[in-house]
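Residue numbers (full-length UniProt numbering): 1 to 256.
Below you can see the structure in the form of structure tokens.
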């Protein structure tokens, strides 16, 4: 559940009402979640009903990198392309904060809440169409998200099937992807990442496929904690042709 504003995960300098030069005073309402690079809190602009989600970064460098990536994405239409909308970035008491639109629950929360009921294929198709549009938009500007999971897809409001892709903390320009790049959570990790093969934006397409499979079947197709177990699970599900160091290995499913 949501934590109080005074939660210890929120820097002391940011607890309670805050003001920034030339901007309205802001009150932090509740703790929404956290990730590897920071915490997210709900805030309200005092004197109005406007609510936002502010990502409080643990590392100023990570905050600046995410802000620069969001500036690239801001040139796209966030609503039309199902991408989270960024409003501004500011530094308060040496803490980097990025202000985003406030969304509803994540696909993971929705999936966990209704785990006993299989999601209707029509809804999965609607979600897929929206996220494919998001990936197409990112490809048009040469960006790979690199962290597509159930947690990083959110519904825009409680009564809508509209979703948006969030958390661009690991996003990178596609031309800068290399075999040494540490990307993706293991259950969503593309085989080419595990095998150290050349990378491009298709790593996001793989992760999206895993997300949709999770929602439809009600469990993870590759529920593994290690890369070895993940590859093994892939081989058990479908035939896998691997090209590595000039050699080709063909592994076929045992049909018996």
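Glycine included, C-beta positions come from ideal geometry on N, C-alpha and C.
8 Å Cβ cutoff met for residue 193 and residue 153:
As a working mapping, residue 193 is identified with position 193 in the chain shown. As a working mapping, residue 153 is identified with position 153 in the chain shown. No; because the gap between Cβ atoms is not below 8 Å, this pair is not in contact.
For the alpha helix (DSSP H) holding residue 128, just list the boundary residues, first then last.
Looking up residue 128 in the chain shown gives position 128. Residue 128 -> alpha helix (DSSP H) spans 121-140.
Best match in 27, 190 and 36 for proximity to residue 48 [C-alpha to C-alpha]
Looking up residue 48 in the chain shown gives position 48. Per the Cα distances, 27.
Please return the same chain residues whose Cβ sits closer than 7 Å to the Cβ of residue 124, not counting the five positions on each side in sequence.
For this step, residue 124 is matched to residue 124 along the chain shown. Here the set comprises 212, 215 and 216.
Counting only beta-carbon atoms, is residue 38 nearer than 8 Å to chain B?
Any reference to chain B falls outside this structure, which holds one protein chain only.
Integer Cβ distance of residue 108 from residue 151, believed to fall under 8 Å
The residue given as residue 108 occupies position 108 in the chain shown. The residue given as residue 151 occupies position 151 in the chain shown. Sure, about 5 Å apart at Cβ, within 8 Å.
Going by C-alpha to C-alpha distance, which of 234, 175 and 168 sits closest to residue 98?
Walking along the chain shown from the start, residue 98 turns up at place 98. For the residues 234, 175 and 168, the minimum Cα distance to residue 98 belongs to 168.
What residues are listed by DSSP as bridge partners for residue 41?
Working through the chain shown from its first residue, we reach residue 41 at position 41. Paired residues: 31 and 54.
N- and C-terminal bounds of the beta strand (DSSP E) containing residue 176
Taking the first residue of the chain shown as position 1, residue 176 is located at position 176. From DSSP, residue 176 is part of no beta strand (DSSP E); its letter is neither H nor E.
Reference residue 207; option with closest CA among 162, 147, 30 and 200:
For the purposes of this step, residue 207 is taken as the residue at position 207 of the chain shown. Closest by alpha carbon: 147.
Going by CA-CA distance only, name the one from 80, 35 and 25 that's closest to residue 46.
Translated into the one-based positions of the chain shown, residue 46 becomes position 46. Closest by alpha carbon: 25.
Compute the Euclidean distance between the alpha carbons of residue 171 and residue 120, then round it to the nearest angstrom.
The residue labelled residue 171 in the question sits at position 171 within the chain shown. The residue labelled residue 120 in the question sits at position 120 within the chain shown. The straight-line gap from Cα to Cα measures roughly 30 Å.
Leaving out the 5 sequence neighbours to the left and right, which residues in its chain are closer than 8 Å to residue 230 when beta-carbon positions are compared?
The residue given as residue 230 occupies position 230 in the chain shown. Counting only Cβ-Cβ distances below 8 Å, and skipping sequence neighbours, we find 186, 187, 189, 194, 222 and 224.
For the alpha helix (DSSP H) that contains residue 100, what are its first and last residues?
The residue given as residue 100 occupies position 100 in the chain shown. It is not in any alpha helix (DSSP H) - residue 100 instead sits in the beta strand (DSSP E) that spans 95-101.
Residues in its own chain within less than 8 Å of residue 35 by CB, not counting five upstream and five downstream?
Start at 1 with the first residue of the chain shown, and residue 35 comes out as number 35. Answer for residue 35: 167 and 169, listed in chain order.
Is residue 288 helix, strand or coil by DSSP?
Here the chain covers residues 1 to 256 and nothing more, so residue 288 does not appear.
Can you give me the Cβ contacts of residue 81 inside the same chain, cut-off strictly under 7 Å, excluding the 5 residues immediately before and after it?
Residue numbering aside, residue 81 sits at position 81 when the chain shown is read from its first letter. Once the five neighbours on either side are set aside, the close Cβ partners of residue 81 are 133, 134 and 137.
Judging by CA-CA distance, which residue of 60, 30, 51 and 157 is the nearest neighbour of residue 38?
Counting from 1 along the chain shown, the entry for residue 38 is found at position 38. Ranking 60, 30, 51 and 157 by Cα distance to residue 38 puts 60 first.
What is the rounded straight-line gap between the Cα of residue 21 and the Cα of residue 95?
Taking the chain shown and counting its residues from 1, the one referred to as residue 21 is at position 21. Taking the chain shown and counting its residues from 1, the one referred to as residue 95 is at position 95. Confidence is the limiting factor: at residue 21 the pLDDT is only 41, short of 50, which leaves the residue's position unreliable, though a coordinate-based value still follows. The straight-line gap from Cα to Cα measures roughly 15 Å.
Taking the continuous alpha helix (DSSP H) assigned at residue 91, which residues delimit it?
Here residue 91 corresponds to residue number 91 of the chain shown, with the count starting at 1. No alpha helix (DSSP H) contains residue 91, which is instead part of the beta strand (DSSP E) from 86-92.
Please confirm whether residue 53 and residue 71 have their CB atoms less than 8 Å apart.
Start at 1 with the first residue of the chain shown, and residue 53 comes out as number 53. Start at 1 with the first residue of the chain shown, and residue 71 comes out as number 71. It is not a contact, given that the beta carbons lie outside the stated cut-off.
DSSP-derived helix/strand/coil call for residue 108
Position 108 of the chain shown holds residue 108. Helix, per DSSP.
Out of curiosity, what's the CA-to-CA distance linking residue 127 and residue 103?
Here residue 127 refers to the residue found at position 127 when the chain shown is read from its first residue. Here residue 103 refers to the residue found at position 103 when the chain shown is read from its first residue. Going by the C-alpha atoms only, they are around 16 Å apart.
What number of angstroms, rounded off, separates the C-alpha of residue 259 from the C-alpha of residue 131?
Given that the chain is displayed from residue 1 to residue 256, the structure contains no residue 259 and the question cannot be resolved.
Cutoff 6 Å; reference residue 233; Cβ partners in own chain excluding five residues on either side:
As a position in the chain shown, residue 233 is number 233, starting the count at 1. Correct list, in chain order: 222 and 224.
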